[in-house]
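K.L.:
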Amino acid sequence: MRTTFSIALVSIALTLGACKKKQDDTGAAANEVKKTAENVNDQTKDYNKAVEDKDSKPADLNKAQGDMQAAKDDLTAAKEKYSATVKDRMAKLDIKIHELEAKTDAKSKQAAVDLKARRDQLSTKLDTMKDRAAADWDAFTKDVDDSFDKIDHDADDALK
Numbered sequence: 000m001r002t003t004f005s006i007a008l009v010s011i012a013l014t015l016g017a018c019k020k021k022q023d024d025t026g027a028a029a030n031e032v033k034k035t036a037e038n039v040n041d042q043t044k045d046y047n048k049a050v051e052d053k054d055s056k057p058a059d060l061n062k063a064q065g066d067m068q069a070a071k072d073d074l075t076a077a078k079e080k081y082s083a084t085v086k087d088r089m090a091k092l093d094i095k096i097h098e099l100e101a102k103t104d105a106k107s108k109q110a111a112v113d114l115k116a117r118r119d120q121l122s123t124k125l126d127t128m129k130d131r132a133a134a135d136w137d138a139f140t141k142d143v144d145d146s147f148d149k150i151d152h153d154a155d156d157a158l159k
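For the sequence shown, the positions run 0 to 159 when numbering that gives the first Met the number 0 is used.
1) Does DSSP put K44 in a helix, a strand or coil?
2) For the alpha helix (DSSP H) containing K95, name the first residue and the last one.
3) In this structure, how does DSSP classify A132 when only helix, strand and coil are distinguished?
4) Where does I6 fall in DSSP's three states?
5) T123: which of K86, V50, G65 and D24 sits nearest, CA to CA?
6) For D45, which residues in the same chain have their Cβ closer than 6 Å to its Cβ, ignoring the five residues on either side in sequence?
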C-alpha cells in the first residue's frame with residue numbers, strides 16, 4: 000500500500016514538473032553540470048585523503064578511485080546533456096530566424112540579419128564551452144542563458 004502511494008506521488012510530481020518545465024531550460028542543465036563538478040571535487044578530495052592516510056587499505060583506495068571516476072563520468076554526461084539542450088535551443092532560434100527570412104517585408108529581413116549576427120556571436124561563445132573551468136561556469140551559463148533569452152524575445156517580437 001505504501002509503495003503504491005509513493006509511486007502515485009512520484010507520478011504526480013513528474014507530471015506536474017513536466018507541465019511547468021520551461022521549454023528551453025538550459026539553466027537546469029547548467030545547474031546539473033555545476034553540481035556534478037562539485038561532486039567531482041568532493042570525490043577527488045576524498046581520494047586524496049585516502050592516498051595520504053597510512054592506514055588505508057587497497058580496497059579503500061580502489062573504492063575512492065571508483066567513486067571519483069563515477070563522479071567524472073557523471074560530469075561528462077551532464078556536460079553532454081547541457082550541450083544537447085543548448086543545441087536544441089539554437090535550432091529553435093534558427094527556425095525563428097528562417098521564418099523571418101521567409102517574410103517579404105524589409106523590416107523582417109533586417110531583423111533576420113541582426114538576429115543571425117547575434118546568434119553567430121552566441122555560437123562562437125558556445126564553442127568555448129569545453130574550455131570553461133568550474134570556477135567561471137556560473138557566469139558563463141548565466142551569460143549564455145541571458146543571450147538566448149534576449150535573442151528569443153527579439154525574434155518573437157519581430158515575428159508578431
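Note that CB positions come from ideal geometry on N, CA and C, so glycine has one too. Predicted model only: the values in this text are computed from it and were never measured.
P.N.:
In short, the structure shows the following:
1) helix
2) K95 -> alpha helix (DSSP H) spans P57 to A101.
3) coil
4) Here I6 scores only 46 on pLDDT, less than 50, and its place in the model should not be relied on; the value that follows carries that caveat. In this structure, I6 counts as helix in the three-state DSSP scheme.
5) K86
6) Counting only Cβ-Cβ distances below 6 Å, and skipping sequence neighbours, we find A63.
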